[in-house]
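Q: Structure in structure tokens, see below.
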Amino acid sequence: MSRTILRLILLHAVVIAGSGICYYLGRKSNHALSAQATTPATTRERTPQQIHALGRLEPQDGVRSIGSPSGLEGARLDRMLVKEGQFVRIGQALFLLDSERRSRSQMRLAEGVVKIQEARLAQVEAGAKASEIEAHQATLQRLRQELIHAELLVAKSRPLAQTGDLARKESDERELRVQTLRAEIARASSELDAIAEIRPTDIAFATAEVHHSRESVGRARVELSYSTVRAPMDGVVLRIHSRQGELAGGRVLELGDTRQMVAIAEVYESDIRRVKVGRSASITLPALRETLRGRVEEIGIQMGKRDLATTDPVADTETRVVRVRIALLPDDSQRAAQLTNMQVEVRID
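Numbers 73 to 421, taken from our numbering, label the letters of the sequence shown in order.
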């Protein structure tokens, strides 16, 4: 009986000792695994992490939509003067509106009126022609001669009328003729004075007419200039939206200077503090399986919703982002010149 109890006691002691050893070994193993797991995490925290974001390619100054000027919303496209992919210079004509022909006709009409008014002003300033003055002088001289003759007849007829040798009616007619000639001489003399004198009021009136007609030409030229839409910048015609006869609206074509391309990355607001100007970046083009290089050029100062779509089903589409501009390196910028609006994947180092 005593041996049985002794064996049980020894067995119990062995079990307890084994359990202690296993517990000690287990604690040591867990501590080692924990240390191994902690070491990489600490290492990763000390290593700058890359920032991933979606982005798109565009010209450095963006894409400009070119349409009809304000006030000509109902105008239609008459003729396109450029084609897609063509490089244009600032001020170059891009397209004509249907108001161009009407405006050009109005301008020519206004220019014709100016010429007429200028000729009239020159005529007023020069005064009457010498031949016209001579003609009026000759008329006045003739009337005066006729008046002398008429007055002689009246002088002769008065004694005869008193004696009855001349009818009263004929005497009155001779008197009336003298009065008529005197009135005609007065009128002819006034006309001669008027054409021989250059009046300042006539010159002022003619000058005002010239100025008014010139202003009409200026307005017609402005209206004509609205009918010809010109490039506001150097750039490439990226896309033409309207065709001949269609309403021009605010977006007839799109223009962008693709000589320097950039990537606009949408960086999560939680990562934006780690983005610095000058940091290098890689821009991957999934559709072409190419990678471009660039540097952070500008960091936005406004939060907004993301514009770019993602294929990640668990991505939060309501996440707020900050737009970061990345200037592509010169060689890579040339490669991206024909890839405006292509969606890319951006990795900022």
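A virtual CB, placed ideally from N, CA and C, is assigned to each residue, including glycine.
Select from R395, L411, G328 the residue whose C-alpha is nearest the C-alpha of Y340.
A: Of the listed residues, the one whose Cα sits closest to Y340 is R395.
Q: For the region 398-405 against the region 354-372, do three or more pairs of beta-carbon atoms, one drawn from each stretch, fall closer than 8 Å, so that the two count as touching?
A: The answer is yes - the region 354-372 touches the region 398-405, with three or more Cβ pairs under 8 Å.
Q: Just list the beta strand (DSSP E) runs in the region 265-342, keeping only unbroken ones of 3 residues or longer that don't cross its boundaries, in chain order.
A: Counting whole runs of 3 or more residues, the region 265-342 contains the beta strand (DSSP E) stretches 300-302, 307-312, 325-328, 333-340.
Q: Helix, strand or coil for A414 per DSSP?
A: For the sequence presented, residue 414 should be read as Met rather than Ala. The answer is coil: DSSP assigns M414 none of H, G, I, E or B.
Q: Identify, in the order they occur along the chain, each residue of the same chain with its Cβ nearer than 7 Å to the Cβ of R407, setting aside the five sequence neighbours on each side.
A: Here the set comprises L364.
Q: When the Cα atoms are used, what is the spatial distance from E287 to R293?
A: C-alpha separation (whole angstroms): 10 Å.
Q: Is G143 helix, strand or coil when you go by DSSP?
A: If DSSP states are grouped into helix, strand and coil, G143 belongs with coil.
Q: What's the gap between the Cα of V386 and the Cα of Y298?
A: Residue placement at V386 is flagged as unreliable, the pLDDT there being 48, under the threshold of 50; the coordinate-derived value follows with that caveat. Cα-Cα distance, rounded: 51 Å.
Q: Start and end of the beta strand (DSSP E) containing P402?
A: Per DSSP, P402 belongs to no beta strand (DSSP E); it is in the alpha helix (DSSP H), 402-407.
Q: Restricting to Cα atoms, I'd like to know which of V349, M333, I344, R392 is closest to M414.
A: The candidate whose alpha carbon is nearest that of M414 is M333.
Q: Ordered along the chain, which non-local residues of its own chain (more than five positions away) have a Cβ less than 7 Å from that of V226?
A: Correct list, in chain order: R246, E247, V250.
Q: Report, in whole angstroms, the separation of the C-beta atoms of L166 and I138, which I expect to be a contact under 8 Å.
A: Yes, L166 and I138 are in contact; Cβ-Cβ is about 6 Å, under 8 Å.
Q: For Q108 and G307, I'd like the C-alpha separation in whole angstroms.
A: Residue confidence is low: Q108 scores 38 on pLDDT, short of 50, so the model does not pin down where it sits. Its coordinate-derived value is still stated next. Using only the alpha carbons, I get a separation of about 58 Å.
Q: What are the residues that DSSP puts in a beta bridge with H124?
A: DSSP lists R419 as partners of H124.
Q: Verify whether the separation of the beta carbon atoms of L193 and V282 is less than 7 Å.
A: Contact flag set, yes.
Q: Which same chain residues end up closer than 6 Å to S352 when comparing Cβ atoms and leaving out the 5 residues on each side of it in sequence?
A: Answer for S352: R367, D421, listed in chain order.
Q: Mind checking R118: buried by the 16 CB within 10 Å criterion, or exposed?
A: With a pLDDT of 34 at R118, under the threshold of 50, the modelled position of this residue cannot be trusted, and the question is left open.
Q: Rounded to whole angstroms, how far is the Cβ of G127 from the Cβ of A337, which I believe are closer than 8 Å?
A: Yes, G127 and A337 are in contact; Cβ-Cβ is about 4 Å, under 8 Å.
Q: If distances are taken between C-alpha atoms only, which option among K348, V418, R323 comes closest to R136?
A: Selected option, being the one with the closest Cα: R323.
Q: Should L360 be labelled buried (16 or more other beta-carbon atoms within 10 Å of its own) or exposed?
A: It counts as exposed.
Q: In terms of alpha-carbon separation, which member of A210, L319, L253 lies closest to I220?
A: Here the closest residue by C-alpha is L253.
Q: Assign A222 to one of three DSSP states: helix, strand, or coil.
A: Here A222 sits in helix by DSSP.
Q: Grouping DSSP H, G and I as helix and E and B as strand, with all else coil, what is M73?
A: Note that M73 scores a pLDDT of 47, beneath 50, so its modelled location is shaky and nothing firm can be said.
Q: Is it true that the CB of E370 sits closer than 7 Å to the CB of R397?
A: It is a contact, given that the beta carbons lie within the stated cut-off.
Q: Could you check where the beta strand (DSSP E) with A165 kicks off and where it finishes?
A: Start and end: 165-169.
Q: Expressed to the nearest angstrom, what Euclidean distance is found between the alpha-carbon atoms of G372 and Q158?
A: If I take the Cα positions, the gap works out to 32 Å.
Q: Which word fits M179, buried or exposed, when buried means at least 16 other C-beta atoms lie within 10 angstroms of its C-beta?
A: The residue is buried, with at least 16 neighbouring Cβ atoms inside 10 Å.
Q: Suppose contacts are defined by Cβ-Cβ distances below 7 Å. Is T412 in contact with L310 by that definition?
A: Cβ distance < 7 Å, so T412 and L310 count as in contact.
Q: Reducing DSSP to helix, strand and coil, say where I188 ends up.
A: Reduced to three states, the DSSP call for I188 is helix.
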